[in-house]
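J.: In numbering that gives the first Met the number 0, the protein residues as written are 0 to 465.
This structure is in structure tokens; I'll ask about it shortly.
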Amino acid sequence: MSNEKLSKKNWFIIVLFCFMGGIAWNTENMYFNTFITNEIYADVSQTAIRGTMEATTAVARMVALSAIAAVVTTFIMGALSDKLKNRKMFISVGYIFWGVVTGMFGFISKENVANLFNLTDEAKILGYTVWFIILMDIVMTFMGSTSNDAAFQAWVTDVSVPKQRPIVETVLSVVGTISSFAVTGVGSFAQAGTISYKLFFGGLGIVVTLCGVAGLFLIKDPPRTAQIENSSSSYLSDLFYGFRPSVIKENARLYLALIAFCFAIVAFQVFYPYLLTYVQYVVLPDNGGVENILKPGVIITAVVVAAVTITAIVTLLKLSTKKRGICLVAGVIVLTLGFLILSTSTSIYVILISIVPVVLGNALVNILFGAAVKDFIPEGKAGLFQGIRMIFAVLIPMVVGPVIGDMACQHAARTIINEAGAEVIVPAKNMFLWAGIVCVFALIPLYFLVKKGVESKEYEEVTEDE
């Protein structure tokens, strides 16, 4: 198995579906939040807000319920994809409908919701609209978790071996980052009002759907998927496989890695759902607007920061092939440092400087923990553990993190005045301080993981052979 290589076709599939999945996830995780603030709360009165909820609370609830839907879906569909031994259909059909639902978000408005439910009271219209968005987000999450979290992630595990996974995780991380930049680049026009959210959501939905159609012809389940040994177990038993005490004890390193990973992602989710709103309503005004940010000095600083960050990531990833434990600890510490720097100022120069430790730490944490988790999943049981992975990587972070962030924002009480003259709470820099405090706790389970050994046995054997 150690000599297996990923084919060019499989590499293409990994890159394509990671990129398109990133398009859909980043649209949901970043721009549904700005959509709520910029469109839904743009012209509502103070009375309507008091009769429903603050915009940051609406975002926190949407993220939390989406996370619950993601985990439940991954448990059900991950085990089912193992049982049916067919990742291809789950990925392809899921992406098709994922794109369709994404496009439908462009048609959600207070006016359409009011007409649909025959409402006239402003508070009810706002409340119904927010909850309609949350419901549609849950539907979208079901499609995304079925195709990406449950099936695609299991497929990547099936087609790869431990020696390849740090490289695979690096590619997934880089491609995911590129997709985030792509969405941000297009989404900035919607956020600024240059293009409509209807066009934005519709266009991205179409490309994700086309990716799913392509998957029907491109994807092929590897022999390892067909050899999954689960014929003697019931589907219900498979759903709860990862909760068995004997399974947890036997795979202690997997669960330690997931717990440590969880703390780091919770920290990220403290501010991530509010990040673009923070940039729009806090960073840009505090720095004199876009014109001041586009000054030569800022651009040169950004280029230097990007070069330093990329060099540091490449250097540490090379070191991580032999010192994964040290690099994981360093990643968590560096990430925490970055959050603490971000909490000190809204100055664009401070933010640019903080990008180095934040991006570097986040890259190391995601790549190395992602590879470790895949290494520690027992052979042939990738689908059974996707739900467990989602509890620690999605459910807990996306339920707990945004709630902490909402508390931080409301504690700071930074507000803007909307078109109706109402005060709307927007994110504040203290959310990064809270994120840094949470991140420190990742070092506790990581300490015990390093003591047990961070490498899989197969990975160690391959390294020794070299």
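We put the beta carbon where it would ideally sit given N, CA and C, even for glycine.
Answer with buried or exposed for L448, where buried requires no fewer than 16 other C-beta atoms within 10 angstroms of its C-beta.
T.: Mapped onto the sequence shown, residue 448 falls at position 449. It is buried - the Cβ of L448 has at least 16 other Cβ atoms within 10 Å.
J.: V423 lies in the beta strand (DSSP E); which residues open and close that run?
T.: Mapped onto the sequence shown, residue 423 falls at position 424. Taken as a continuous stretch (DSSP letters only), the beta strand (DSSP E) holding V423 covers E422 to I424.
J.: Suppose you measure from the CA of C326 to the CA of A311; what does that come to, to the nearest Å?
T.: Start at 1 with the first residue of the sequence shown, and residue 326 comes out as number 327. Start at 1 with the first residue of the sequence shown, and residue 311 comes out as number 312. In a straight line, the C-alpha of C326 is about 12 Å away from that of A311.
J.: As an exercise, report each continuous alpha helix (DSSP H) stretch of at least 4 residues that is fully enclosed by the segment 192 to 221, in chain order.
T.: The segment 192 to 221 contains these whole alpha helix (DSSP H) runs: 196 to 217.
J.: Looking only at its own chain, which residues have a Cβ that is under 6 Å from the Cβ of A266, when we skip the five neighbours before and after it?
T.: Residue mapping note: residue 266 aligns to position 267 of the sequence shown, counting from 1. The residues are A434, V437 and C438.
J.: If you follow the alpha helix (DSSP H) that T55 is part of, which residue opens it and which one closes it?
T.: Mapped onto the sequence shown, residue 55 falls at position 56. Note, T55: alpha helix (DSSP H), A54 to L83.
J.: What's the gap between the Cα of V185 and the Cα of F199?
T.: Position 186 of the sequence shown, counted from the start, is the residue given in the question as residue 185. Position 200 of the sequence shown, counted from the start, is the residue given in the question as residue 199. Whole-angstrom Cα-Cα distance: 7 Å.
J.: Measuring alpha carbon to alpha carbon, tell me which residue in S187, T51, A189 and G20 is nearest I90.
T.: Numbered from its first residue, the sequence shown carries residue 90 at position 91. Nearest of S187, T51, A189 and G20 to I90, Cα basis: G20.
J.: Which whole-angstrom value describes the C-beta separation of A41 and E418, a residue pair presumed to lie in contact below a C-beta threshold of 8 Å?
T.: For the purposes of this step, residue 41 is identified with residue 42 of the sequence shown, where counting begins at 1. For the purposes of this step, residue 418 is identified with residue 419 of the sequence shown, where counting begins at 1. Confirmed, Cβ separation roughly 6 Å.
J.: From I107 to A63, what distance separates their C-alpha atoms?
T.: Position 108 of the sequence shown, counted from the first residue, corresponds to residue 107. Position 64 of the sequence shown, counted from the first residue, corresponds to residue 63. Near 20 Å, if we compare the C-alpha coordinates of A63 and I107.
J.: Does T414 come out as helix, strand or coil in the three-state DSSP assignment?
T.: Here residue 414 refers to the residue found at position 415 when the sequence shown is read from its first residue. In the structure shown, T414 sits in a strand (DSSP, three-state: E or B).
J.: Reducing DSSP to helix, strand and coil, say where I118 ends up.
T.: Here residue 118 is taken as the residue at index 119 of the sequence shown, counted from 1. One point to set straight first is that residue 118 is Leu, not Ile, in the sequence displayed. DSSP places L118 in coil when its eight states are reduced to three.
J.: Between T55 and F431, what straight-line distance do the alpha-carbon atoms span, to the nearest angstrom?
T.: Indexing the sequence shown from 1 puts residue 55 at position 56. Indexing the sequence shown from 1 puts residue 431 at position 432. Near 15 Å, if we compare the C-alpha coordinates of F431 and T55.
J.: As a quick exercise: from F239, S146, L336 and F242, pick the residue whose alpha carbon is nearest that of I218.
T.: To locate residue 218, count along the sequence shown from 1; it is residue 219. Nearest option by C-alpha distance: S146.
J.: Is the CB-CB distance between G98 and L209 below 9 Å?
T.: Working through the sequence shown from its first residue, we reach residue 98 at position 99. Working through the sequence shown from its first residue, we reach residue 209 at position 210. The answer is yes: Cβ separation under 9 Å.
J.: In angstroms with no decimal places, state the Cα-to-Cα distance between K87 and V173.
T.: Taking the first residue of the sequence shown as position 1, residue 87 is located at position 88. Taking the first residue of the sequence shown as position 1, residue 173 is located at position 174. The alpha-carbon atoms of K87 and V173 are separated by roughly 24 Å.
J.: Over what stretch of residues does the alpha helix (DSSP H) that includes G98 continue unbroken?
T.: Here residue 98 refers to the residue found at position 99 of the sequence shown. It spans R86 to M103 - the alpha helix (DSSP H) in which G98 sits, taken as one unbroken run.
J.: May I ask you to report which of helix, strand or coil DSSP gives V453?
T.: Along the sequence shown, one-based indexing puts residue 453 at 454. DSSP places V453 in coil when its eight states are reduced to three.
J.: A371 lies in the alpha helix (DSSP H); which residues open and close that run?
T.: Taking the sequence shown and counting its residues from 1, the one referred to as residue 371 is at position 372. Element bounds for A371: I347 to F375.
J.: I'd like to know if the segment 4 to 17 and the segment 154 to 171 are in contact, where contact means that at least 3 CB-CB pairs between them fall below 8 Å.
T.: The answer is yes - the segment 154 to 171 touches the segment 4 to 17, with three or more Cβ pairs under 8 Å.
J.: Between A256 and A411, is the Cβ-Cβ spacing less than 9 Å?
T.: Here residue 256 corresponds to residue number 257 of the sequence shown, with the count starting at 1. Here residue 411 corresponds to residue number 412 of the sequence shown, with the count starting at 1. Taking 9 Å as the Cβ cut-off, A256 and A411 do not qualify as a contacting pair.
J.: To the nearest angstrom, how far is it from the Cα of T26 to the Cα of I376?
T.: Translated into the one-based positions of the sequence shown, residue 26 becomes position 27. Translated into the one-based positions of the sequence shown, residue 376 becomes position 377. Taking the straight line from one Cα to the other gives about 30 Å.
J.: Exposed or buried, which one is V289 when buried takes at least 16 other CB atoms within 10 Å?
T.: Residue numbering aside, residue 289 sits at position 290 when the sequence shown is read from its first letter. That one is exposed.
J.: Taking all protein chains shown into account, decide if I424 is buried (16 or more other Cβ within 10 angstroms of its Cβ) or exposed.
T.: Taking the first residue of the sequence shown as position 1, residue 424 is located at position 425. Buried, because 16 or more other Cβ atoms sit within 10 Å of the Cβ of I424.
J.: Using C-beta distances below 7 Å, list every residue in its chain close to I415, excluding the 5 sequence neighbours before and after it, in chain order.
T.: As a first step, residue 415 must be located in the sequence shown, where it is residue number 416. Closer than 7 Å at the Cβ level, and outside the excluded window around I415, lie Y280, V423 and V425.
J.: Just verifying my parser: in three-state terms, what is the DSSP assignment at P161?
T.: Within the sequence shown, residue 161 is the residue found at index 162, counting from 1. In this structure, P161 counts as coil in the three-state DSSP scheme.
J.: So which of P295, I347, F260 and V398 has the shortest CA-CA distance to L363?
T.: On the sequence shown, position 364 is the one that residue 363 refers to. For the residues P295, I347, F260 and V398, the minimum Cα distance to L363 belongs to F260.
J.: Report buried or exposed for S342, applying the criterion of at least 16 other Cβ atoms within 10 angstroms of its Cβ.
T.: The residue given as residue 342 occupies position 343 in the sequence shown. S342 should be labelled buried.
J.: Is it right to say T73 is buried, meaning 16 or more other beta carbons lie within 10 angstroms of its own, or is it exposed?
T.: In the sequence shown, the residue the question calls residue 73 occupies position 74. Looking at its Cβ environment, which holds 16 or more other Cβ atoms inside 10 Å, T73 is buried.
J.: Report yes or no: do three or more beta-carbon pairs, one from the segment 241 to 251 and one from the segment 340 to 359, lie closer than 8 Å?
T.: Judged by Cβ distances under 8 Å, the segment 241 to 251 makes no contact with the segment 340 to 359, as fewer than three pairs qualify.
J.: In terms of alpha-carbon separation, which member of F104, M61, G214 and L83 lies closest to V402?
T.: Position 403 of the sequence shown, counted from the first residue, corresponds to residue 402. That would be M61, whose Cα lies nearest to the Cα of V402.
J.: Within 10 angstroms of the Cβ of E168, are there 16 or more other Cβ atoms? Answer buried if so, exposed if not.
T.: Reading the sequence shown from its first residue, position 169 is the one you call residue 168. With 16 or more other Cβ atoms within 10 Å, it is buried.
J.: Considering only their Cβ atoms, is the gap separating A181 from F18 smaller than 9 Å?
T.: The residue given as residue 18 occupies position 19 in the sequence shown. The residue given as residue 181 occupies position 182 in the sequence shown. Yes, Cβ-Cβ distance for F18 and A181 is below 9 Å.
J.: Just the Cα atoms here: how many angstroms apart are K123 and P221?
T.: Locating residue 123 in the sequence shown gives position 124, where the first residue counts as 1. Locating residue 221 in the sequence shown gives position 222, where the first residue counts as 1. C-alpha separation (whole angstroms): 51 Å.
J.: Straight-line CA distance for D136 to S65?
T.: Residue 136 sits at position 137 when you count from the first residue of the sequence shown. Residue 65 sits at position 66 when you count from the first residue of the sequence shown. So the alpha carbons of these two residues sit roughly 6 Å apart.
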